[in-house]
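In my numbering, the protein residues as written are 15 to 412.
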């Protein structure tokens, strides 16, 4: 794998840290800025809104920019956003800062996926995406706990200062390691985004992404209280469990990329979604048992993000066939679908907890994942049907 992928991974690490670290800082921010906890919690949703808008819209507006220069500009915007958060005098400025960093996040992962695949042979595409997204998962393991520690002991502002320093490191590494001749797609227009948004095959993949992540986050959003209240672990132990979960996620991300490279995206995703559904159903019964709950959670972690490389490479492959002038946009919309899924899972999980209790989130998450499994099965069948028609057409022509 080329060193240029290291620059993408470092950038993904910085972005992943700033995305998730806010969760651990919400109580402190609410107290110091004299806002309610729900208002402080909105900083998470506002960031996600920036991702959802930045991924498709800004990607389509920046297709004519050279890829390396665009990536450098995104890291500059990311760094400025975190510096603004560091110096934010009030809640409104902090909202603006979060929105700016969310916009950078959306475009980065949109073009980052296509840049990563352009750096390697086609049979290594999923692994390249997995390595880049590995920065995001490593952020869950190390960046978020460290950022939360900084916020608790030195203040939440210093956390954003530290993340802005990560942005500078990512900027410098991208400048040094990324080649200058990364190919872009310069003929994309806003009408191409409409084409992507109305193509049934691409919409099916976005639904798979949203449902797959919606199911996982229905449970994951409330994993800490479940492990504490149901499985009987202490608050300190839950922190270590989440660290172990993050390590499992990082390993699963790399494994998922290799699985998609070896067996194809559809086969890999079918296996991963089936395993996730089964594991979530198992967790329904083991969540109230001490060590069985721990083992189940760690195994779920291996599969939880293992579908990221397959989903991302699959949407790129289909976009290259159906919307070749809007591959970056198609990739960006899948990033938006990830965030929609996370929001969907959090909302469904919250409603489940409110009306039925913590204990019911695993099986509901499993049912949602089963819908994703059904859709990936249908998509695979459509692929085979399309390939047969194309083969028959070639035979007829000859």
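Don't be surprised by glycine CBs; every beta carbon is placed ideally from N, CA and C.
Quick check: what's the CA-CA separation for residue 303 versus residue 125? Working through the chain shown from its first residue, we reach residue 303 at position 289. Working through the chain shown from its first residue, we reach residue 125 at position 111. Those two C-alpha atoms are separated by around 44 Å.
Residues in its own chain within less than 6 Å of residue 429 by CB, not counting five upstream and five downstream? The displayed coordinates of the chain run from 15 to 412. Any statement about residue 429 would go beyond what the structure contains.
Rounded to whole angstroms, what is the Cα-Cα separation between residue 200 and residue 86? Counting from 1 along the chain shown, the entry for residue 200 is found at position 186. Counting from 1 along the chain shown, the entry for residue 86 is found at position 72. Residue placement at residue 200 is flagged as unreliable, the pLDDT there being 48, under the threshold of 50; a coordinate-derived value is accordingly withheld.
My guess is that residue 74 and residue 207 are in contact by the Cβ rule of under 8 Å, so how many angstroms apart are they, rounded? Against the chain shown, residue 74 aligns to sequence position 60. Against the chain shown, residue 207 aligns to sequence position 193. The pair is a contact, with the Cβ atoms about 5 Å apart (cut-off 8 Å).
Following the continuous alpha helix (DSSP H) through residue 23, name the residue where it begins and the one where it ends. Reading the chain shown from its first residue, position 9 is the one you call residue 23. 18–34 is the span of the alpha helix (DSSP H), which, as asked, contains residue 23.
Option nearest residue 321 by Cα separation, candidates 147, 78 and 134: Translated into the one-based positions of the chain shown, residue 321 becomes position 307. Residue 147 is the option with its Cα nearest to residue 321.
On a CA-only basis, which of 63, 101 and 134 is nearest residue 176? Give me that one, please. Position 162 of the chain shown, counted from the start, is the residue given in the question as residue 176. Taking only the C-alpha atoms, the option nearest residue 176 is 101.
Quick check: the Cα distance between residue 181 and residue 301, rounded to an integer number of angstroms? Taking the chain shown and counting its residues from 1, one reaches residue 181 at position 167. Taking the chain shown and counting its residues from 1, one reaches residue 301 at position 287. Straight-line Cα distance between these residues: approximately 39 Å.
Integer Cβ distance of residue 20 from residue 36, believed to fall under 8 Å: Within the chain shown, numbered from 1, the residue matching residue 20 stands at position 6. Within the chain shown, numbered from 1, the residue matching residue 36 stands at position 22. Actually they do not touch by this definition, with Cβ atoms about 26 Å apart.
How is residue 49 classed by DSSP in three states: helix, strand or coil? What you label residue 49 is simply residue 35 of the chain shown in a count that begins at 1. Residue 49: coil per DSSP, three-state reduction.
What do you get for residue 170, buried or exposed, if any count of 16 or more other CB atoms within 10 angstroms of its CB means buried? Start at 1 with the first residue of the chain shown, and residue 170 comes out as number 156. Residue 170 should be labelled buried.
Reducing DSSP to helix, strand and coil, say where residue 415 ends up. Beyond the ends of the chain as shown, which are 15 and 412, falls residue 415; an answer cannot be given.
For a minimum of 4 consecutive residues, which ranges assigned as the alpha helix (DSSP H) are wholly contained in the region 77–132? 81–100 and 105–132
Can you list, in chain order, the residues of its chain whose CB lies under 7 Å from that of residue 291, leaving out five sequence neighbours each side? Looking up residue 291 in the chain shown gives position 277. The answer, listed in chain order, is 380, 383, 384 and 387.
If you follow the alpha helix (DSSP H) that residue 323 is in, where does it begin and where does it stop? In the chain shown, residue 323 corresponds to position 309, counting from 1. Here the alpha helix (DSSP H) through residue 323 covers 322–336.
Going by the beta-carbon positions, is the gap between residue 152 and residue 30 smaller than 9 Å? What you label residue 152 is simply residue 138 of the chain shown in a count that begins at 1. What you label residue 30 is simply residue 16 of the chain shown in a count that begins at 1. Closer than 9 Å, so yes.
Quick check: does the Cβ of residue 72 come within less than 8 Å of any heavy atom belonging to the ligand SAM? For the ligand SAM, the structure offers nothing, since it holds no ligand at all.
Which complete alpha helix (DSSP H) runs does the region 165–216 hold, if anything under 4 residues is left out? Listed in chain order, they are 170–191 and 204–212.
Across the region 363–370 and the region 260–272, are there enough close Cβ pairs to call them in contact, namely three or more that are closer than 8 Å? no
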